[in-house]
Amino acid sequence: MKKKPLILIKYGGNAMLSERLKQLVVQNIWKLRSKGHRVVLVHGGGPFIKKMLELVEMESEFIEGHRKTSTEALKYIEMALKGEVNGGLVNLLNRAGLKAVGLSGKDGRMVLARKRYHVSVQNGKEIQYDLGQVGNVELVDTSLMDMLLDKDYLPVVTCIASDEAGNDYNINADMFAGSLAGALRASHYLVLTDVDGLLRDINDPSTIIRKLRLEELGPLFGSVIKGGMIPKMESCEVALRQGAQSARIINGTKPASIIEAINPEKIIGTEICL
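Heads up, the sequence shown is in the working numbering, so the first residue is 975 and it goes up one at a time.
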């Protein structure tokens, strides 16, 4: 029997912070499920992590803008992501009549992590910095997800995973989501942001780029693709190269865009294609 289309949503930005937007996102996910789509929700939670670390008076250390995470800090980061954010989303989705299941990459060894280092070039030499318990995705095993999706559950996944030795790591949520979308061969990979898509001029909404091929991305990094948009675009590239059928950056503060993004008659956000 042919499987129903799978939509993987990377959830974040103001749509995660506003209770009103959160409710609207849940409503639109319910609509997707009612149309027969399988849905996976992946989230991070930067503001919640920041709040948790401030609560326990733990200062964050940054190396060239990259957060260094100690083993002690990771305990609190996991509490924020798995306890507060993931638990809250599962509760909202279940109250809407869906069958949501809260997971992290550790569950069922779904995601295997590897330690990540930050490499900087100084005076022509590469210097490698240890970021502590920060990781990359090494491997994705979809067997648990496949089983849940086949039973009409809605997996809600946060970006903590372990390596072969059982060491835990926090992984960038965009890259985590892109890897999962690729492994699951998602029909649609939707990345929610606070803007309508990729803009050539961040101050001019009319400069939105509606469609990009993968080979067009490279020259745009550092000029058009900057700041927080970099990992989002990189995650779309990972998703497509690893098996996803389509990837799109959309505005999560306009929750209806989730429905519109999978409608071929609608032009919305920025689509990245092979």
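Yeah, the Cβ is synthetic: ideal placement off N, Cα and C, and Gly gets one too. Just so you know, these numbers come straight off a predicted model, no measurement behind them.
*asked:* Quick check on the DSSP output: the alpha helix (DSSP H) that includes Phe1022 runs from which residue to which?
replied: From DSSP, the alpha helix (DSSP H) with Phe1022 extends over Gly1020 to Leu1029.
*C-beta atoms of Leu1154 and Met1119 nearer than 9 Å*: Less than 9 Å divides the Cβ of Leu1154 from the Cβ of Met1119.
*Between the Cα of Glu1100 and those of His1092, Gln1107 and Gly1106, spot the shortest distance and give me the residue it belongs to.*
Relative to the Cα of Glu1100, the nearest Cα in the group His1092, Gln1107 and Gly1106 belongs to His1092.
*Does the distance from the CB of Pro1021 to the CB of Ala1074 come in under 9 Å?*
It is not a contact, given that the beta carbons lie outside the stated cut-off.
_Cutting at 7 Å between CB atoms, please list the residues of its own chain near Ala1230, excluding the five before and the five after it._
Setting aside the 5 residues that flank it on each side, Ala1230 is surrounded in the same chain by Asn1002, each with a C-beta closer than 7 Å to its C-beta; the list follows chain order.
*Could you tell me the boundaries of the beta strand (DSSP E) in which Val1114 lies?*
First-last of the beta strand (DSSP E) with Val1114: Lys1099 to Val1114.
_Gln1216 versus Leu1173, Val1169, Lys1206 and Leu1158, residue with shortest Cα-Cα distance_ = Checking every option, the nearest Cα to that of Gln1216 belongs to Leu1158.
*Fully enclosed by the stretch 992 to 1016, which alpha helix (DSSP H) runs are 4 residues long or longer?*
Runs of the alpha helix (DSSP H) inside the stretch 992 to 1016: 993 to 1008.
*List the endpoints of the continuous alpha helix (DSSP H) containing Pro1129.*
Taken as a continuous stretch (DSSP letters only), Pro1129 belongs to no alpha helix (DSSP H), being part of the beta strand (DSSP E) at Leu1128 to Thr1132.
*Kindly indicate the opening and closing residues of the beta strand (DSSP E) around Thr1244.*
Counting along the chain, the unbroken beta strand (DSSP E) around Thr1244 starts and ends at Thr1244 to Cys1247.
*Lys1005 and Ile1236 look like a contact to me (Cβ under 8 Å); what is the Cβ gap, rounded to whole Å?*
Their Cβ separation, rounded to whole angstroms, is 11 Å, which puts Lys1005 and Ile1236 out of contact at 8 Å.
*From Asp1168, Ile1204, Thr1244 and Ser1180, pick the residue whose C-alpha is nearest to that of Ala989; which is it?*
Of Asp1168, Ile1204, Thr1244 and Ser1180, the residue nearest in Cα terms is Asp1168.
*Have a look at the DSSP bridge pairing and note the partners of Gly1076.*
Gly1076 is bridged to Val1130.
*Nearest neighbour of Pro1179, chosen from Lys1185, Asp1170, Leu1186 and Arg1187 [CA to CA]*: Looking at the Cα atoms, Asp1170 is the closest of the given residues.
*asked:* Which of the three DSSP states is assigned to Arg1093 in this structure?
replied: Reading off the sequence, residue 1093 comes out as Val, not Arg. Val1093: strand per DSSP, three-state reduction.
*asked:* Rounded to whole angstroms, what is the Cα-Cα separation between Phe1036 and Ala1147?
replied: Cα to Cα, the separation comes out at about 18 Å.
*Have a look at Asp1115 and Ser1034 and give me their C-alpha separation to the nearest angstrom.*
Per the coordinates, the alpha-carbon of Asp1115 lies some 32 Å from the alpha-carbon of Ser1034.
*Does the beta-carbon of Ile1204 have 16 or more other beta-carbons within 10 angstroms, so that it is buried, or is it exposed?*
Exposed, because fewer than 16 other Cβ atoms sit within 10 Å of the Cβ of Ile1204.
*How about the stretch 1040 to 1058 and the stretch 1103 to 1112: do they share at least three Cβ pairs that are nearer than 8 Å?*
The stretch 1040 to 1058 vs the stretch 1103 to 1112: in contact.
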